[in-house]
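Participant: Remember, our numbering sits 11 above the position in the sequence shown when you count from 1.
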Amino acid sequence: MADWPEPGEVVYIERRGENYALKRTGGDGVLPIPSPDESLPDAWIYYGGWQEYHRNDLSAFFDDLFAEMDAAAGGHDRCRWSPDDPWPHAH
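#1: Under DSSP, the beta strand (DSSP E) around Glu25 begins and ends at which residues?
#2: Between which two residues does the alpha helix (DSSP H) containing Ala82 stretch?
#3: Can you tell me where the beta strand (DSSP E) with Trp55 in it begins and where it stops?
#4: Where Glu79 and Ala71 are concerned, what is the direct C-alpha to C-alpha distance, given to the nearest angstrom?
#5: Taking Phe73 as the reference, give the member of Tyr31, Leu42, Asp39, Glu20 with the closest Cα.
#6: Do you know how far the Cα of Asp48 is from the Cα of Asp75?
#7: Can you determine whether any heavy atom of the ligand SAM sits closer than 7 Å to the C-beta of Gln62, and answer yes or no?
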């Protein structure tokens, strides 16, 4: 909490088995990526939507973020629109 990302800062979160790692955008603005000698993680996500209000319920925030990350890696589908909704979708 003391080193919470600034609004707009991008972080990289990865999961390898039950272990998670977080890497922040470097001072040069380069996005963090796994090094060439590392195997690919089981799931990963880049996130840059940090807001101060996320601190109010960290458990719910990270539960949702991790569920989104796992869905992108073939986990439970989190599609928010029914298949018969007309395209394009909008919020």
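Glycine is no exception: its CB is placed at the ideal position from the N, C-alpha and C atoms.
Facilitator: Checking against the coordinates, here is how it stands:
#1: The residue you call residue 25 lines up with position 14 of the sequence shown. Counting along the chain, the beta strand (DSSP E) containing Glu25 begins and ends at 22-27.
#2: The sequence position of residue 82 within the sequence shown is 71, counting from 1. Segment 69-83, the alpha helix (DSSP H) holding Ala82.
#3: The residue labelled residue 55 in the question sits at position 44 within the sequence shown. 54-58 is the span of the beta strand (DSSP E), which, as asked, contains Trp55.
#4: To locate residue 79, count along the sequence shown from 1; it is residue 68. To locate residue 71, count along the sequence shown from 1; it is residue 60. Cα to Cα, the separation comes out at about 12 Å.
#5: Locating residue 73 in the sequence shown gives position 62, counting from the first residue. Among Tyr31, Leu42, Asp39, Glu20, the Cα nearest to that of Phe73 belongs to Tyr31.
#6: Indexing the sequence shown from 1 puts residue 75 at position 64. Indexing the sequence shown from 1 puts residue 48 at position 37. Whole-angstrom Cα-Cα distance: 30 Å.
#7: Ligands are entirely absent from the displayed structure, and the ligand SAM is therefore not among its contents.
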